[in-house]
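In our numbering, the protein residues as written are 53 to 181.
Where a beta carbon is used, it is the ideal one built from N, C-alpha and C, also for glycine.
For clarity, every value in this text was computed on a predicted model and none was experimentally measured.
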Amino acid sequence: MENNDNNLQRNLYEVESKLYVAFTRLIGPLSMMANLKTYQNDHKEIKQILDKIVEWGTKFQTIRNLDFIMPNELLDIYNKLDKLKEKYIFEVDTGNEDELSDEAVIWLSEIMQLRKKLINMRGEEKNVR
């Protein structure tokens, strides 16, 4: 039983570490997008998304869980980012900064997957103890 608990704790730590990296890798592109002229027409929406992601990341750092994020809220943010990606990814007048929206979608997708895994593991943790 103790070995299962140690393995679970190690796996939880691994997922938490990956989530920390994913939040950092998502906040970076969003911060840049919020300050680039390329994205100026969507600055308000990008800033709202960035603020929400920072809020989630900050809360995650404190409680080490993401069960406070409602699935519909997460999906709404994902859809907004995906729309921005579609809008900017093939812009011919932009440089490499058009890839930032694609990168943001990729990292939010990673957070979504890790969130699900973490919630499931937290449920297992309760059953082990």
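Give me, in chain order, the residues of the same chain whose beta-carbon lies closer than 8 Å to that of residue i; leave out the 5 immediate sequence neighbours on both sides.
| i | result |
| --- | --- |
| residue 134 | 157 |
| residue 99 | 86 |
| residue 150 | 90, 140, 141, 142 and 143 |
Report the CB separation of residue i from residue j in whole angstroms; it is logged as a contact under 8 Å.
| i | j | result |
| --- | --- | --- |
| residue 71 | residue 163 | 7 Å |
| residue 136 | residue 153 | 5 Å |
| residue 173 | residue 55 | The Cβ separation is near 16 Å, so there is no contact. |
| residue 176 | residue 81 | That pair is no contact at about 33 Å. |
| residue 97 | residue 132 | 6 Å |
Quick one: what does DSSP say residue i is sitting in, helix, strand or coil?
| i | result |
| --- | --- |
| residue 71 | helix |
| residue 64 | helix |
| residue 88 | coil |
Can you list, in chain order, the residues of its chain whose CB lies under 7 Å from that of residue i, leaving out five sequence neighbours each side?
| i | result |
| --- | --- |
| residue 109 | 75 and 79 |
| residue 83 | 102 |
Can you name, in chain order, every residue of its own chain whose Cβ lies under 6 Å from the Cβ of residue i, other than the five neighbours on each side?
| i | result |
| --- | --- |
| residue 119 | 171 |
| residue 68 | 116 |
| residue 167 | 118 |
As an exercise, report each continuous alpha helix (DSSP H) stretch of at least 4 residues that is fully enclosed by the segment 105-165, in chain order. With a minimum length of 4 residues, the continuous alpha helix (DSSP H) runs that stay inside the segment 105-165 are 123-140.
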